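2 protein chains.
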Amino acid sequence: MSSNPLSSGVSRRALLSALAILSVLPETLLPAGAQTAAGDPLPSWNEGVAKQSIVNFVAAVTREGSPDFVPVPQRVATFDNDGTLWCEHPMYVQLAFALDRVKGMAPLHPEWKDKQPFKAVLDGDMKTLAESGERGLGELMMVTHAGMTNNEFEKIVSDWLATARHPRFKRPYTELVYQPMLELLAYLRASGFKIFIVSGGGIEFMRPWTERIYGVPPEQVVGSSIKTRFEMRDGRPELFRLPEINFIDDKAGKPVGINEFIGRRPIAAFGNSDGDLEMLQWTTMSGGVRLGLIVHHTDGEREYTYDRNTEFGKLDKALDAAAVNKWTVVSMKDDWKRIFAFQ
Amino acid sequence: MSSNPLSSGVSRRALLSALAILSVLPETLLPAGAQTAAGDPLPSWNEGVAKQSIVNFVAAVTREGSPDFVPVPQRVATFDNDGTLWCEHPMYVQLAFALDRVKGMAPLHPEWKDKQPFKAVLDGDMKTLAESGERGLGELMMVTHAGMTNNEFEKIVSDWLATARHPRFKRPYTELVYQPMLELLAYLRASGFKIFIVSGGGIEFMRPWTERIYGVPPEQVVGSSIKTRFEMRDGRPELFRLPEINFIDDKAGKPVGINEFIGRRPIAAFGNSDGDLEMLQWTTMSGGVRLGLIVHHTDGEREYTYDRNTEFGKLDKALDAAAVNKWTVVSMKDDWKRIFAFQ
Chain A
1 MSSNPLSSGV SRRALLSALA ILSVLPETLL PAGAQTAAGD PLPSWNEGVA KQSIVNFVAA
61 VTREGSPDFV PVPQRVATFD NDGTLWCEHP MYVQLAFALD RVKGMAPLHP EWKDKQPFKA
121 VLDGDMKTLA ESGERGLGEL MMVTHAGMTN NEFEKIVSDW LATARHPRFK RPYTELVYQP
181 MLELLAYLRA SGFKIFIVSG GGIEFMRPWT ERIYGVPPEQ VVGSSIKTRF EMRDGRPELF
241 RLPEINFIDD KAGKPVGINE FIGRRPIAAF GNSDGDLEML QWTTMSGGVR LGLIVHHTDG
301 EREYTYDRNT EFGKLDKALD AAAVNKWTVV SMKDDWKRIF AFQ
Chain B
1 MSSNPLSSGV SRRALLSALA ILSVLPETLL PAGAQTAAGD PLPSWNEGVA KQSIVNFVAA
61 VTREGSPDFV PVPQRVATFD NDGTLWCEHP MYVQLAFALD RVKGMAPLHP EWKDKQPFKA
121 VLDGDMKTLA ESGERGLGEL MMVTHAGMTN NEFEKIVSDW LATARHPRFK RPYTELVYQP
181 MLELLAYLRA SGFKIFIVSG GGIEFMRPWT ERIYGVPPEQ VVGSSIKTRF EMRDGRPELF
241 RLPEINFIDD KAGKPVGINE FIGRRPIAAF GNSDGDLEML QWTTMSGGVR LGLIVHHTDG
301 EREYTYDRNT EFGKLDKALD AAAVNKWTVV SMKDDWKRIF AFQ
């Protein structure tokens with residue numbers, strides 16, 4: 001996660017929760033090109049530089065005999081999750097989960113009524129919550145993410161996702177995945193790639209649903225984690241989640257996590273923020289034909305607009321690096337015919 | 001690694017290096033049964049309870065419509081490495097690597113001539129080395145495993161493995177893999193299993209060769225690790241290996257590592273020592289048909305004999321637990337027609 005996930009997200013949330021109108025671009029108005037072309041693997045992508053760079057890359061590394069050919073086992077692609085595969089505004093989904101969970105746990109913790117940052121959550125006072133900073137948010141995450149077995153946590157996450165709704169789109173968060181990126185995952189998979197998610201989000205927050213939503217099995221999910229402890233309790237083996245950070249899979253942690261979990265250097269990486277800069281460097285600056293791609297949030301009507309001037313999900317250094325390193329920058333507004341499947 | 005890998009290994013080494021005679025059981029004397037049966041997936045296994053338990057398990061979980069059927073994505077099997085897939089005597093291969101590397105680095109470290117535990121290594125004084133305990137061995141591991149990039153380390157390991165020879169068998173360590181276990185890996189893979197190595201050994205010591213030797217790709221190797229740091233140096237992204245423990249994948253650490261790296265609970269686990277006890281518990285004590293298997297080193301002629309009365313590679317609690325939990329105990333002497341492919 002970025003260092004201060006709430007700072008601008010909170011004010012934006014207040015703003016956005018007032019928005020009720022969804023701007024849906026009718027399919028009939030979409031340019032026909034790729035959409036109707038038989039066998040187009042990326043039908044939700046407009047023709048253009050971004051789409052072409054993807055298709056060219058895949059063609060280059062999969063064409064046997066080509067000097068750029070990469071054998072199947074080395075076709076590793078890594079995807080950030082928040083803001084790259086699904087919507088991260090007005091706040092990280094995992095933070096929305098934590099806030100809801102505080103509310104759910106509150107009856108067992110009467111002391112929270114007078115104790116920050118819990119009081120702020122219960123009062124819906126996002127400004128005070130944001131002011132509690134990393135320490136306050138850290139406490140919130142630990143209380144809501146630790147203190148149970150890993151099986152219990154998996155059920156808590158699954159149950160929450162089944163009922164929680166995005167404040168603007170009024171849909172389950174798992175429907176707020178980017179349709180063009182789902183097509184990209186399928187296209188790469190069909191081209192012999194093994195897809196890994198490499199996210200700053202919690203690894204056990206993602207694993208309960210990534211296979212169903214993205215087709216990415218648990219063993220191909222890399223993320224941040226807290227420590228766990230193995231224990232035999234009443235003759236049963238259990239893993240208990242402890243309130244202690246194990247690994248932060250963000251920024252310079254992403255290449256570290258990739259190396260530790262995957263043990264191969266990716267040949268393609270996909271992100272949307274400065275948190276992905278080092279993963280993109282690690283992937284693309286290794287000689288050979290490589291693909292670095294940044295999803296640029298340029299569509300305030302269909303989704304959100306943000307880049308340099310936000311703390312949360314900031315895309316600044318990585319945008320400069322994209323120009324220098326010839327990474328593909330995808331404008332959600334211009335390059336995507338649709339953003340969500342329901343639009 | 002076990003807590004005191006040298007303590008009994010050293011004296012044994014002295015003993016074993018004197019042994020020159022390999023006792024090879026002529027193939028013609030082997031019982032014919034499975035060996036000649038067409039399509040036997042485990043030709044190096046003698047017929048018996050151990051082999052039958054494996055075949056029965058695979059049949060149960062792969063038979064569609066059976067109450068014990070397990071869908072392919074959940075067919076996860078985890079294998080310890082040292083002593084389960086390859087020979088760990090007279091010392092862990094990784095320790096032999098560290099000792100050789102100290103010798104190779106010594107010209108650049110004249111101070112080692114008077115400094116323990118390095119002096120002991122250079123003098124070939126295994127007794128003093130063993131007495132340096134965990135701290136001395138830890139220092140040895142850090143000096144030999146950290147201080148370079150991950151790419152450099154991979155090359156160091158590969159180069160060493162290409163020339164190093166086992167003191168008794170006079171062969172590359174990568175030939176000292178158990179032929180019956182290679183057949184078991186292939187059999188499980190052909191039955192829809194995804195194989196993971198879950199070893200106390202160093203993850204980056206194993207990854208350079210596990211794909212070639214076992215068919216297990218780097219992303220399916222879980223092991224102990226030191227920390228790494230990402231850094232741009234001279235405009236190039238690098239991962240530097242730091243002299244600091246990151247994770248010890250042994251004993252109660254194995255279920256933790258399995259959960260963190262794989263995110264699924266295995267349905268079959270294979271080990272040979274008390275270091276595998278918790279992995280076997282975690283795997284088998286979860287309801288449903290499960291396979292826990294222990295390789296018991298009972299063959300001093302063709303390999304080594306050790307279990308309860310050794311510090312190094314000790315099999316004691318896990319052997320008791322095997323009886324209680326109905327894990328399969330494989331006697332290398334009785335259950336395996338051959339141990340190494342070259343025998």
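Residue numbers (our numbering), protein chains in the order written: chain A, 1 to 343; chain B, 1 to 343.
All residues carry an ideal CB built from backbone N, CA and C; glycine is no exception.
As the structure is a prediction and not an experimental result, all values here were calculated from the model.
- In terms of Cα proximity to arginine 63/B, the closest of Val289/B, Thr298/B, Tyr306/B and Leu293/B is Val289/B.
- DSSP places glycine 202/B in no alpha helix (DSSP H) but in the uninterrupted beta strand (DSSP E) bounded by 194 to 202.
- In this structure glutamate 303/B is in contact with histidine 297/B, their Cβ atoms being roughly 6 angstroms apart against a cut-off of 8 angstroms.
- Around the beta carbon of methionine 232/B, fewer than 16 other beta carbons sit within 10 angstroms, so the residue counts as exposed.
- Scanning its chain for C-beta atoms nearer than 7 angstroms, with the 5 sequence neighbours on each side dropped, one finds around lysine 227/B the residues Leu242, Glu244 and Asn246, in chain order.
- A direct Cα-to-Cα measurement between proline 41/A and leucine 293/B gives close to 45 angstroms.
- C-alpha of alanine 318/B to C-alpha of serine 273/B: approximately 7 angstroms in a straight line.
- In this structure, DSSP gives serine 158/B a helical state, which the three-state scheme calls helix.
- Proximity of chain B to serine 225/A at the Cβ level (cut-off 8 angstroms) is accounted for by Glu260, in chain order.
- Residue burial annotation: aspartate 320/B is exposed, with fewer than 16 other C-beta atoms found within 10 angstroms of its C-beta.
- At a beta-carbon threshold of 7 angstroms, the residues of chain A lying near valine 221/B are Gly263, ordered along the chain.
- When secondary structure is reduced to three states using DSSP, threonine 62/A falls in the helix class.
- Neighbours of glutamine 281/B across chain A, judged by C-beta separation under 8 angstroms: Met232 and Pro237.
- The beta carbon of leucine 140/B is closer than 6 angstroms to those of Ala98 and Pro117 in its chain, skipping five residues each way along the sequence.
- Going by DSSP, threonine 149/A is part of no alpha helix (DSSP H) at all; its letter is neither H nor E.
- Exposed is the label assigned to alanine 59/A, since fewer than 16 other Cβ atoms lie within 10 Å of its Cβ.
- By the C-beta criterion, the stretch 103 to 116 of chain B is judged not to be in contact with the stretch 213 to 225 of chain B, since fewer than 3 inter-stretch pairs fall below 8 angstroms.
- With respect to phenylalanine 57/A, phenylalanine 270/A sits apart: the two C-beta atoms are not nearer than 8 angstroms.
- Beta-bridge annotation (DSSP): threonine 78/A is paired with Phe196/A and Ala269/A.
- DSSP lists no beta-bridge partner residue for isoleucine 339/A.
- For tryptophan 282/B, the three-state secondary structure derived from DSSP is helix.
- Taking 7 angstroms as the upper bound on Cβ-Cβ separation, chain A lies near residues Met285 of the stretch 284 to 312 of chain B.
- Annotation for leucine 85/A: Phe79, Val177, Tyr178, Met181 and Tyr214 place their beta carbon closer than 7 angstroms to its own, counting only its chain and skipping 5 residues before and after.
- It is roughly 26 angstroms from the alpha-carbon of alanine 77/B to the alpha-carbon of threonine 305/B.
- With respect to the C-alpha of leucine 239/B, the residue from Leu188/A, Val72/A, Thr163/A and Gln281/A having the closest C-alpha is Gln281/A.
- According to the DSSP assignment, asparagine 46/B belongs to no alpha helix (DSSP H), since it is labelled neither H nor E.
- Against chain B, a Cβ distance below 8 angstroms from proline 255/A picks out Phe230, Pro237 and Leu239.
- Residue state for leucine 122/B is assigned as helix, using DSSP reduced to three classes.
- Across the stretch 241 to 253 of chain B, CB contacts with chain A closer than 7 angstroms involve Ala252, in sequence order along the chain.
- Here lysine 333/B carries a helix assignment [DSSP, helix/strand/coil].
- About 5 angstroms separates the beta carbon of glycine 313/A from that of glycine 83/A, a gap short enough to meet the 8 angstroms contact definition.
- Under DSSP, phenylalanine 247/B takes part in a beta bridge, and its partners are Ser225/B.
- Interface flag for arginine 207/A against chain B is set, since a Cβ pair is found closer than 8 angstroms.
- For glutamate 152/B, the closest Cβ of chain A is not nearer than 8 angstroms.
- When DSSP states are grouped into helix, strand and coil, glycine 235/A belongs to the coil group.
- Counting C-beta atoms within 10 angstroms of its own C-beta, histidine 109/B has fewer than 16 neighbours from the protein chains shown and is therefore classed as exposed.
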